[in-house]
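Peer 1: Input: one structure, supplied below.
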Amino acid sequence: MNKDKIIIDPNLSSFFSWNDIIRYKSLLNNLAKRDFLVRYKQAFAGIMWALIKPLMSILVFGYISTKISNSENTATNFVYVASAMLLWQLFSNVFNDVSNSIISNSNLFSKVYFPKIIIPLSTILVCLVDFFISLIILVVLFVISGQSLHWQIILAPLFILLTVINGLGLGLYFATINVKYRDVKFIVPVILQFGMYITPVIFNTNYYLDRMPSWLHWLFCLNPMVGAIDGFKYALFGSDSIYNIYYFSLSVCVSFLFLFIGIKYFYKFERNFVDYI
Amino acid sequence: MSKDTVIKVENLSKQYLLNKGGLPKSDTLFGSFLNGLRNVKNITSKPQTEEFWALKDISFEVEQGDRVGIIGRNGAGKSTLLKILSRITPPTKGKIEYTGRMASLLEVGTGFHGDLSGRENIYLNGSILGMHKHEIDRKFDEIVAFSEIEKFIDTPVKRYSSGMYVRLAFAVAAHLEPDILIVDEVLAVGDAAFQDKCLGKMNEVSTKEGRTILFVSHQMAVLSALCNKSVLLEKGQFVGMGPTDSIINTYLHRGEKNTGQNYDDSAPVKGAKLKIRSVRVLNHVQTTVSEINNAYKGFIEIGFEVLEKSRGYDVSLELKHLQYGTIFTTCLKDKDTEGNDNKVWEKGLHKYSIELPMDLLREGEYIISAAATIPKVEVLDVFNYDTLFSILDSTSPVAKTTEGRNGAILPVIEWKKTDSVII
Numbered sequence: 001m002n003k004d005k006i007i008i009d010p011n012l013s014s015f016f017s018w019n020d021i022i023r024y025k026s027l028l029n030n031l032a033k034r035d036f037l038v039r040y041k042q043a044f045a046g047i048m049w050a051l052i053k054p055l056m057s058i059l060v061f062g063y064i065s066t067k068i069s070n071s072e073n074t075a076t077n078f079v080y081v082a083s084a085m086l087l088w089q090l091f092s093n094v095f096n097d098v099s100n101s102i103i104s105n106s107n108l109f110s111k112v113y114f115p116k117i118i119i120p121l122s123t124i125l126v127c128l129v130d131f132f133i134s135l136i137i138l139v140v141l142f143v144i145s146g147q148s149l150h151w152q153i154i155l156a157p158l159f160i161l162l163t164v165i166n167g168l169g170l171g172l173y174f175a176t177i178n179v180k181y182r183d184v185k186f187i188v189p190v191i192l193q194f195g196m197y198i199t200p201v202i203f204n205t206n207y208y209l210d211r212m213p214s215w216l217h218w219l220f221c222l223n224p225m226v227g228a229i230d231g232f233k234y235a236l237f238g239s240d241s242i243y244n245i246y247y248f249s250l251s252v253c254v255s256f257l258f259l260f261i262g263i264k265y266f267y268k269f270e271r272n273f274v275d276y277i
Numbered sequence: 278m279s280k281d282t283v284i285k286v287e288n289l290s291k292q293y294l295l296n297k298g299g300l301p302k303s304d305t306l307f308g309s310f311l312n313g314l315r316n317v318k319n320i321t322s323k324p325q326t327e328e329f330w331a332l333k334d335i336s337f338e339v340e341q342g343d344r345v346g347i348i349g350r351n352g353a354g355k356s357t358l359l360k361i362l363s364r365i366t367p368p369t370k371g372k373i374e375y376t377g378r379m380a381s382l383l384e385v386g387t388g389f390h391g392d393l394s395g396r397e398n399i400y401l402n403g404s405i406l407g408m409h410k411h412e413i414d415r416k417f418d419e420i421v422a423f424s425e426i427e428k429f430i431d432t433p434v435k436r437y438s439s440g441m442y443v444r445l446a447f448a449v450a451a452h453l454e455p456d457i458l459i460v461d462e463v464l465a466v467g468d469a470a471f472q473d474k475c476l477g478k479m480n481e482v483s484t485k486e487g488r489t490i491l492f493v494s495h496q497m498a499v500l501s502a503l504c505n506k507s508v509l510l511e512k513g514q515f516v517g518m519g520p521t522d523s524i525i526n527t528y529l530h531r532g533e534k535n536t537g538q539n540y541d542d543s544a545p546v547k548g549a550k551l552k553i554r555s556v557r558v559l560n561h562v563q564t565t566v567s568e569i570n571n572a573y574k575g576f577i578e579i580g581f582e583v584l585e586k587s588r589g590y591d592v593s594l595e596l597k598h599l600q601y602g603t604i605f606t607t608c609l610k611d612k613d614t615e616g617n618d619n620k621v622w623e624k625g626l627h628k629y630s631i632e633l634p635m636d637l638l639r640e641g642e643y644i645i646s647a648a649a650t651i652p653k654v655e656v657l658d659v660f661n662y663d664t665l666f667s668i669l670d671s672t673s674p675v676a677k678t679t680e681g682r683n684g685a686i687l688p689v690i691e692w693k694k695t696d697s698v699i700i
């Protein structure tokens, strides 16, 4: 048993520490387990919903994409759309769930102390489980379309991580605002809905860039999901997915900037959440 | 910090900002935006906030193994103190130093989820309270045995009776092994036998294992049984710390409050339909008193102002014995001899009085609280002041024998000899 001396004073500020996470590992797991168990309780199709939801989007947007781009190889086109769509859905789930996580668990931290970062992190775990289940769709489509794997596949986890970072950074920022202003729960879905159309989900990045003046290119690539999706496609399908390495790097930098701002903002107000909730 | 001191509280203060007049501070982004616009137009109507010190300059020290009770009326700052100690909310000024692992139990069953089974909830709740998985594994059987719900451990807790729910929740908390345990008034739930079991467990944890306990309760009997020391708070201020019995005594005899009357002349809230204006304790000759001898009659008079002519109002008085808790609550409509149920209440001051059942009430300190409602619809007003008075016993058989007697009420009951042959 640790006999640390702890001092509580008004200026005490905490910041992200791995120690906290390790100490509260059980809580992290149990919260994630709770959310996962509760989500599909009393649902007839149960965990199948983790497959059905993304599958629907993939079918609809895959079809639209094939029609619009007059692609000859339907199966390949579907795999492209599926890979981007799954990653986008991971991002959108993480972003949305993290931004609501603090409020929906306020009953916990208003009664017991624990590092509040545990709550959004456990939310991410649940989103990741859903994501890995939905990867089954991608594997099936991969086999159907007869794609072959390259060495780059080992990079795929990095871009999944990048997607989570995007969702977490933005999510933490909005979760903090959400404590005081409940408007967030309406704003986030709007951002996500709009965001999907300026992100290379249905079409590739070059499809968008070819159709806009070159001075707009950098603006398009400020979207942190551009880097994550292009990178993921690069890992799955090989080299031609990354349109321009500078634009790609720009997008990745934005990801980390968002994460930094999100964490900084979250920890600035974290101690006072209870007084504003 | 001396060697045995485990908690040291220094000049602890907590301030809250209350909205007062002017434009309300808005809780929506859009509202803030609108307020911003209005403020540009009319600079004088800035949102006005009033400072409220929930705690002001509290200092005390707690030694290892102490069981410290925290005593005070509603609004004295007890819960705020516990929240700051358990790091839920930060102080505005001052600091706290403590050594060891602290666990707080401000509510039983924090994080319990109705859809999860008892087993799943034990793990969830345990981890929320800061236990590691291996700790819970090790104590799992003990927790289940303590809660007495072995048979239902795999049933979702939403199907539990409220008693089972509380037992399970407390069982988890009771098996925490912190150096310092902070307990808010959570034992008010559960039946008497279980309460005893919980108190026994807390006592055992403290005396045998040398753990420190901070405990809030309104039940003086519980406090004096469990706590060796107590802290008395009043309106956010520290009044004193010392042996529990002497602190309870101080608490009960904070003289200036024990006047048997309270008035509220403040302006009613905008839109209020009814406001309670006064509560008085009257003796047999209808004078306001703070003490009634149970040889005579006693009355409580309540005055309230009806601000909106309407029907359906009801007013209630609750009589509470400081040591034994609530004795009864009575409502205007209970015994409806004047047809108050459908009466249209005219604007203006109304006064009613009740006669106290003196032959039932034991001696001691009592608190009267008053409230007005439209039953099942809304609470109209809760009287801001607790009115204190005491009952002296000079006539009952118990008073004559000078020995104490247990029980919240003291009816004088006639015993009759029977000729029953059944043993």
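Each protein sequence line maps, in turn, to chains A and B.
Position one of the first sequence corresponds to residue 1 (the numbering used here), numbered consecutively onward.
Position one of the second sequence corresponds to residue 278 (the numbering used here), numbered consecutively onward.
Even for Gly, the Cβ is constructed at its ideal location relative to N, Cα and C.
1) The beta strand (DSSP E) with residue 457 of chain B in it runs from where to where?
2) How would you list, in chain order, the residues of chain A whose beta-carbon sits under 7 Å from the beta-carbon of residue 241 of chain B?
3) Would you mind sorting residue 111 of chain A into buried or exposed? The rule is 16 or more other CB atoms within 10 Å of its CB.
4) Taking 8 Å as the CB-CB cut-off, is residue 300 of chain B touching chain A?
5) Would you report the Cα separation of residue 231 of chain A and residue 400 of chain B, rounded to the nearest angstrom?
6) Between the C-alpha atoms of residue 642 of chain B and residue 186 of chain A, what's the straight-line distance to the nearest angstrom?
7) Does residue 122 of chain A get closer than 8 Å to chain B when you measure Cβ to Cβ?
8) In the structure shown, what three-state DSSP assignment does residue 504 of chain B receive?
9) Taking only runs that begin and end inside the stretch 633-686 of chain B, name each unbroken alpha helix (DSSP H) of 4 or more residues, in chain order.
10) Taking Cβ positions, are residue 205 of chain A and residue 265 of chain A nearer each other than 8 Å?
11) Please classify residue 540 of chain B: does DSSP put it in a helix, a strand, or coil?
12) Can you name the residues of chain B whose CB is closer than 7 Å to the CB of residue 110 of chain A?
13) Once you ignore the five residues that flank residue 659 of chain B on each side, which residues in its own chain have a CB closer than 6 Å to its CB?
14) Reducing DSSP to helix, strand and coil, say where residue 711 of chain B ends up.
15) So for residue 435 of chain B, helix, strand or coil by DSSP?
16) So, is residue 397 of chain B buried or exposed, given that buried needs 16 or more other C-beta atoms within 10 angstroms?
17) Any idea if residue 169 of chain A is buried or exposed, counting beta-carbon neighbours within 10 angstroms, 16 or more meaning buried?
18) Compute the Euclidean distance between the alpha carbons of residue 283 of chain B and residue 489 of chain B, then round it to the nearest angstrom.
19) In chain order, which continuous runs of the beta strand (DSSP E) of length 3 or greater are located wholly inside the stretch 175-210 of chain A?
20) How many angstroms separate the CA atom of residue 445 of chain B from the CA atom of residue 131 of chain A?
21) Given that residue 189 of chain A touches chain B, what residues does it touch there, using C-beta distances under 9 Å?
22) Can you give the Cα-Cα distance for residue 546 of chain B and residue 456 of chain B, rounded to whole angstroms?
23) Which partner residues does residue 557 of chain B have in the DSSP bridge list?
24) Mapping the DSSP letters down to three states, classify residue 396 of chain B as helix, strand or coil.
25) Please state the DSSP three-state secondary structure of residue 430 of chain B.
26) For residue 458 of chain B, which option in B:418, B:412, B:390, B:346 has the closest C-alpha, if you only look at C-alpha atoms?
27) Could you tell me the alpha carbon to alpha carbon distance between residue 672 of chain B and residue 507 of chain B, rounded to whole angstroms?
28) Below 8 Å CB to CB, which residues in the same chain sit around residue 426 of chain B once its five sequence neighbours on both sides are set aside?
29) Closer than 8 Å by beta-carbon distance: list the chain B residues that pair up with residue 38 of chain A, in chain order.
30) Flag this pair as yes or no: are the beta carbons of residue 461 of chain B and residue 356 of chain B separated by less than 8 Å?
31) Hey, could you find the ends of the beta strand (DSSP E) residue 6 of chain A is sitting in?
32) Is the CB of residue 457 of chain B under 8 Å away from at least one CB in chain A?
33) Examine chain A for any beta-carbon lying closer than 8 Å to the beta-carbon of residue 407 of chain B, and answer yes or no.
34) Would you kindly work out how many angstroms separate the C-alpha atoms of residue 43 of chain A and residue 31 of chain A, rounded to a whole number?
35) From the DSSP output, read off the bridge partner residues of residue 627 of chain B.
36) Residue 583 of chain B and residue 624 of chain B - do their beta-carbons sit closer together than 8 Å?
Peer 2: According to the structure data:
1) The residue labelled residue 457 of chain B in the question sits at position 180 within the second sequence. Start and end: 457-460.
2) As displayed, chain B neither begins before 278 nor continues past 700, which places residue 241 of chain B out of reach and without an answer.
3) Taking the first residue of the first sequence as position 1, residue 111 of chain A is located at position 111. Result: buried.
4) Residue mapping note: residue 300 of chain B aligns to position 23 of the second sequence, counting from 1. Because residue 300 of chain B sits at a pLDDT of 46, beneath the cut-off of 50, its placement in the model cannot be relied upon, and the following sentence gives the value as read from the coordinates. No, because no Cβ of chain A sits closer than 8 Å to the Cβ of residue 300 of chain B.
5) Here the question's residue 231 of chain A lines up with position 231 in the first sequence. Here the question's residue 400 of chain B lines up with position 123 in the second sequence. Their Cα atoms are separated by approximately 39 Å.
6) On the second sequence, residue 642 of chain B is found 365 positions in, with the first residue counted as 1. On the first sequence, residue 186 of chain A is found 186 positions in, with the first residue counted as 1. Approximately 54 Å between the Cα atoms of the pair.
7) Position 122 of the first sequence holds residue 122 of chain A. With 8 Å as the cut-off, residue 122 of chain A does not count as an interface residue toward chain B.
8) Residue 504 of chain B sits at position 227 when you count from the first residue of the second sequence. Residue 504 of chain B falls in the coil class under three-state DSSP.
9) 674-678
10) For the purposes of this step, residue 205 of chain A is taken as the residue at position 205 of the first sequence. For the purposes of this step, residue 265 of chain A is taken as the residue at position 265 of the first sequence. No, the Cβ-Cβ distance between residue 205 of chain A and residue 265 of chain A is not below 8 Å.
11) Position 263 of the second sequence, counted from the start, is the residue given in the question as residue 540 of chain B. It is a strand residue.
12) One-based indexing of the first sequence puts residue 110 of chain A at position 110. By Cβ distance, chain B contributes 365.
13) Within the second sequence, residue 659 of chain B is the residue found at index 382, counting from 1. Excluding residues within five positions, the ones whose Cβ falls inside 6 Å are 648.
14) A question about residue 711 of chain B goes unanswered here, because the residues of chain B that appear run from 278 up to 700.
15) Position 158 of the second sequence, counting from 1, holds the residue named residue 435 of chain B. Correct three-state label for residue 435 of chain B: helix.
16) Taking the second sequence and counting its residues from 1, one reaches residue 397 of chain B at position 120. It counts as buried.
17) In the first sequence, counting from the first residue as 1, residue 169 of chain A sits at position 169. The residue is buried, with at least 16 neighbouring Cβ atoms inside 10 Å.
18) Here residue 283 of chain B refers to the residue found at position 6 of the second sequence. Here residue 489 of chain B refers to the residue found at position 212 of the second sequence. If you take the alpha carbons of residue 283 of chain B and residue 489 of chain B, they lie about 8 Å apart.
19) none
20) For the purposes of this step, residue 445 of chain B is taken as residue 168 along the second sequence, with counting starting at 1. For the purposes of this step, residue 131 of chain A is taken as residue 131 along the first sequence, with counting starting at 1. Going by the C-alpha atoms only, they are around 35 Å apart.
21) Along the first sequence, one-based indexing puts residue 189 of chain A at 189. Neighbours of residue 189 of chain A on chain B: none; closest Cβ ~15 Å, over 9 Å.
22) Here residue 546 of chain B refers to the residue found at position 269 of the second sequence. Here residue 456 of chain B refers to the residue found at position 179 of the second sequence. In a straight line, the C-alpha of residue 546 of chain B is about 47 Å away from that of residue 456 of chain B.
23) Numbered from 1 along the second sequence, position 280 holds the residue referred to as residue 557 of chain B. DSSP, once it has assigned bridges, lists B:538, B:578 as partnering residue 557 of chain B.
24) Residue numbering aside, residue 396 of chain B sits at position 119 when the second sequence is read from its first letter. Helix at residue 396 of chain B.
25) Within the second sequence, the letter at position 153 stands for residue 430 of chain B. Here residue 430 of chain B sits in coil by DSSP.
26) If you number the second sequence from 1, residue 458 of chain B lands on position 181. For residue 458 of chain B, the nearest C-alpha among the options comes from B:346.
27) Counting from one through the second sequence, the residue named residue 672 of chain B turns up at place 395. Counting from one through the second sequence, the residue named residue 507 of chain B turns up at place 230. Their backbone Cα atoms lie some 34 Å apart in a straight line.
28) By one-based count along the second sequence, residue 426 of chain B stands at place 149. So the list reads 395, 437, 441, 444, 445, once near-sequence residues are dropped.
29) Start at 1 with the first residue of the first sequence, and residue 38 of chain A comes out as number 38. What residue 38 of chain A touches in chain B: 390, 392, 393.
30) Start at 1 with the first residue of the second sequence, and residue 461 of chain B comes out as number 184. Start at 1 with the first residue of the second sequence, and residue 356 of chain B comes out as number 79. Yes, the Cβ-Cβ distance between residue 461 of chain B and residue 356 of chain B is below 8 Å.
31) Reading the first sequence from its first residue, position 6 is the one you call residue 6 of chain A. Element bounds for residue 6 of chain A: 5-8.
32) One-based indexing of the second sequence puts residue 457 of chain B at position 180. It does not; no Cβ of chain A falls within 8 Å.
33) In the second sequence, counting from the first residue as 1, residue 407 of chain B sits at position 130. Answer yes: the Cβ-Cβ gap between residue 407 of chain B and chain A drops below 8 Å somewhere.
34) On the first sequence, residue 43 of chain A is found 43 positions in, with the first residue counted as 1. On the first sequence, residue 31 of chain A is found 31 positions in, with the first residue counted as 1. Approximately 20 Å between the Cα atoms of the pair.
35) Within the second sequence, the letter at position 350 stands for residue 627 of chain B. Paired residue(s): B:581.
36) Here residue 624 of chain B refers to the residue found at position 347 of the second sequence. Here residue 583 of chain B refers to the residue found at position 306 of the second sequence. Cβ distance < 8 Å, so residue 624 of chain B and residue 583 of chain B count as in contact.
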